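Below you'll find the structure, written out as structure tokens, and then a few comments.
There are 2 protein chains.
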Amino acid sequence: MREMVIVGAAETKFGRSESSYRELAVEAGRKAMEDAGVDPGRIESLVLGSFSPGTFVKQEHVAPLVASELGLDHVPSTRTENACASGATAVMGGLMQIGAGMHDVVLVVGVEKMTATPTGEATSILAEAADWESESKAGLTFPGVYALMARAYMHRYGKDRSILDAVAVKAHGNGAGNPYAQFQKPITVEDVRGSLMIADPLTLYDCSPISDGAAAIVLASKDVAGEFKRSGIPFLGWGQASDALALHERDEITALPAAQRAGKRAYDMAGVGPQDVSFAEVHDCFTIAEIIATEDLGFFEPGTGGDAAVSGRTGRDGPIPINPSGGLKAKGHPVGASGVGQIVESVFQLRGEAEGRQVDGVEYALTHNVGGSGATCVVTILGKGE
Amino acid sequence: MREMVIVGAAETKFGRSESSYRELAVEAGRKAMEDAGVDPGRIESLVLGSFSPGTFVKQEHVAPLVASELGLDHVPSTRTENACASGATAVMGGLMQIGAGMHDVVLVVGVEKMTATPTGEATSILAEAADWESESKAGLTFPGVYALMARAYMHRYGKDRSILDAVAVKAHGNGAGNPYAQFQKPITVEDVRGSLMIADPLTLYDCSPISDGAAAIVLASKDVAGEFKRSGIPFLGWGQASDALALHERDEITALPAAQRAGKRAYDMAGVGPQDVSFAEVHDCFTIAEIIATEDLGFFEPGTGGDAAVSGRTGRDGPIPINPSGGLKAKGHPVGASGVGQIVESVFQLRGEAEGRQVDGVEYALTHNVGGSGATCVVTILGKGE
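Keeping their order, the protein sequence lines are chains A and B. Per numbering that gives the first Met the number 0, residue 0 is the first one in the first sequence, and the count goes up by one each step. Per numbering that gives the first Met the number 0, residue 0 is the first one in the second sequence, and the count goes up by one each step.
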């Protein structure tokens, strides 16, 4: 396949925004094109990742809407949806278009506008990413799904909630250094434990927030990378895998088999292993999800990811920093934007431009974007470029 | 790019179904794999086209759901959404994955379950494919949008509604020969004119129905086409283009510029012209849409597509049969399935297996799938194969 690079990257601040869905998408898309030094006329295709604009803002068919608002006259535009992995799935779509030789320069935008919807209703909308017939219809929303996973994990490995506390405190500490983060204030273990119980054992600070936001990258074939202002950040490997939507249909719930498979494919393609990864942006929709992710991706043995967080090994100065951006937990989780935002953060880190949260000596970045409770997973590995 | 062929094709009957969303998708997907003589284990990826399952059946994240129900264990699965062109957009996604060399065999499914939703509510959901801020919020639903286009067309070219009558009568006549069609009964001009006025000048028989249904194809690289039971139907060309969602943002509304551009790309890629096309399945969501489509695709000069329908030139025995399947109008319009269904019908015709509606001497088939009032258009051209 042709080699592919990221020549532009940008995002809006995540959080509660006054901007509309289309304004968020346009802000990120325009800034990514500016970052690349590229005119809208050079963009050959738009792929847009978004979860549920039909329910959140009563607007489907968002790809051509955003394309026309961005002045991308008449290029093919396509939306992808894979729940909370809609963003990384859109990136996969862009990679395929360039890989096939169909296009040379593709804009990928991830976006969601969620805070205009009351929180309870938003939680119901999010539950549509679980299996309606066996989960959501019975009242099982995502905090409950991940609480089941947390309970199973803690039981299986004999852990208490201190492993969750460690992840939450680290996330908010990192978010404090990220100007794009929804939450930019450090918290303590007492804050986590004292916060509202959402779904036992998960408290409010174990859960990622409802957010607005957008993120965008300009993807290009390496053949044309010389046209752009910024040197390209190479896509070294990627993997996507699926699983059943419903927890009860899986063999185990203390790991995400789809993440393991997607990770293996990405590592194999990139020719690197977990030991080579400088830092990772993983899908910590809940604190337990980050712990499981670090095990699925091979950074730690099963049952030891929580201890690693407690001992500071996943801190920004640790051997394998996890979510230096603050992650979904503190940076925020505007669903369709999250996976693209992980890649944008990785580009900033690989360029050495992640002010306030820069990881030292970055060579390889890994992103891990999950849909539902693990029915979709996309892993990408980026390198430093020239 | 690698050459690509369709090695399996199938669809459910369109119409009001007792089957659920997932049952419809599984039926079409399974039948397409059976048609190809392929085991689920050989499928490397699923792309699923669906418009708004989140609102129609409270289920997003449908791609891995359908993948797991079909026994496609763990393959990457992705949903695409581009309003009523969601189906053909999914086909584009599959083509890119094979074109990039990422996969050799991809299952594409289009599906929608609409009839469990009350008609008024379904019309509101469909209106989310128009521009919410400038159209749908003000009460403009799609019958209204296309009525504006019909009025503009009739005024500009000095036509009366007999051109619409001709399209409706032909559609239902063709549907009568199609066992997959929602409506299998011929109608008369009097039926059309006597039916309920929906949005002047469009009566009930000018409008495609609310439908359930699914359609699926197995796409393969030509390199591996020998593995399958059926000889492959080649994809000779395709084109996708976009436009602004809102009618008032376009230069004209008596043609669809996106359809013209998508058609030109497809013709150029296939190396054929309108004169070579044996028949076309076009997006007749309303009778006026078929007339405009036949002009946008170069079969007739602007302003003459309606006359061509009246004079029988688009009939099954005419020089350029349009919608021998009955089209969206009579075959039905389960949104996400429609674009895939056009391709399935084309495969049946190219194989000479379109019993009851077979067009004579088919060499090239063209499909034309539109999202919204023309903000997305995908055109494909298929050949006869070996």
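For glycine and all other residues, C-beta sits at the position ideal for the given N, C-alpha and C. From a predicted model like this one, the values you see are computed outputs, not experimental measurements.
{"query": "Nearest-angstrom Cα separation, counted from E354/B out to H102/B", "result": "33 angstroms"}
{"query": "Any 3 or more C-beta pairs closer than 8 angstroms across the segment 123–142 of chain A and the segment 56–63 of chain B", "result": "yes"}
{"query": "Cβ-Cβ distance between E2/B and A213/B below 8 angstroms", "result": "no"}
{"query": "Nearest-angstrom beta carbon gap, V104/A and T77/A [assumed within contact, 8 angstroms]", "result": "About 15 angstroms separates the two Cβ atoms, so there is no contact after all."}
{"query": "Buried/exposed call for R155/A, threshold 16 Cβ in 10 Å", "result": "exposed"}
{"query": "First and last residue of the uninterrupted alpha helix (DSSP H) at N177/B", "result": "Careful: N177/B lies outside any alpha helix (DSSP H) and carries neither H nor E."}
{"query": "Completely contained alpha helix (DSSP H) runs for the segment 25–55 of chain B, where each covers 4 or more residues", "result": "52–55"}
{"query": "Check whether A215/B and A9/B have beta carbons under 8 angstroms apart", "result": "yes"}
{"query": "Proximity test, Cβ basis, 8 angstroms: D295/A and chain B", "result": "no"}
{"query": "Simplified DSSP state of T396/A, which is helix, strand or coil", "result": "In the structure as shown, chain A starts at 0 and stops at 385, and residue 396/A therefore has no counterpart that could be examined."}
{"query": "Neighbourhood of L244/A by C-beta distance below 7 angstroms, restricted to the same chain and skipping five residues each side", "result": "A129, D130, G371, A374"}
{"query": "Amino acids of chain A, ordered along the chain, whose beta-carbon sits closer than 7 angstroms to that of T79/B", "result": "T77, R78, T79"}
{"query": "Cβ-Cβ distance between A308/A and V166/A below 8 angstroms", "result": "yes"}
{"query": "Contained beta strand (DSSP E) runs [length at least 3] in the segment 79–137 of chain A, N- to C-terminal order", "result": "104–112"}
{"query": "Integer Cβ distance of Y363/A from I380/A, believed to fall under 8 angstroms", "result": "6 angstroms"}
{"query": "Residues that L244/A contacts on chain B, provided the C-beta gap is smaller than 8 angstroms", "result": "H60, P63, L64, S67"}
{"query": "Of the residues A99/A, R15/A, V144/A, the one placed nearest P117/A, counting alpha carbons only", "result": "R15/A"}
{"query": "Distance CB(F347/B)-CB(V6/B) smaller than 8 angstroms", "result": "no"}
{"query": "Test item: CB-CB of S85/A and V334/A under 8 angstroms", "result": "yes"}
{"query": "Cut-off 7 angstroms between Cβ atoms - residues of its own chain near T313/A, not counting five sequence neighbours on either side", "result": "K169, T293, A307, I319, P320, I321"}
{"query": "Residues near A240/A in its chain [Cβ-Cβ closer than 6 angstroms; skip 5 each side]", "result": "A257, R260, A261, C376"}
{"query": "I197/A to A149/A span [Cα, whole Å]", "result": "13 angstroms"}
{"query": "CA nearest to the CA of K136/B, picked from I124/B, A146/B, L203/B", "result": "I124/B"}
{"query": "Other residues of its chain near G176/A: CB distance less than 6 angstroms, five sequence neighbours each side excluded", "result": "G355, R356"}
{"query": "Where T293/B falls: helix, strand or coil (DSSP)", "result": "helix"}
{"query": "Classification of H247/B by the beta-carbon crowding that lies within 10 angstroms, buried from 16 upward", "result": "exposed"}
{"query": "Counted within 10 angstroms of its Cβ, other Cβ atoms place L296/A as buried (16 or more) or exposed", "result": "buried"}
{"query": "Alpha-carbon spacing of F13/A relative to Y179/A, whole angstroms", "result": "6 angstroms"}
{"query": "Within-8 angstroms CB hit, S220/B to chain A", "result": "no"}
{"query": "Spatial neighbours of L327/A in its chain, beta-carbon cut-off 8 angstroms, leaving aside the 5 residues before and after", "result": "S207, H282, D283, C284, S337"}
{"query": "Beta-carbon proximity check, H332/B vs S194/B, cutoff 8 angstroms", "result": "no"}
{"query": "Chain-ordered neighbours of T54/A on chain B, where CB pairs are closer than 8 angstroms", "result": "G53, T54"}
{"query": "Local conformation of S16/B per DSSP, three classes", "result": "coil"}
{"query": "Secondary structure of M3/B, DSSP reduced to three states", "result": "strand"}
{"query": "Residues of the segment 153–166 of chain A whose Cβ lies closer than 7 angstroms to any Cβ of chain B, in chain order", "result": "none"}
{"query": "Neighbourhood of K184/B by C-beta distance below 7 angstroms, restricted to the same chain and skipping five residues each side", "result": "H171, A175"}
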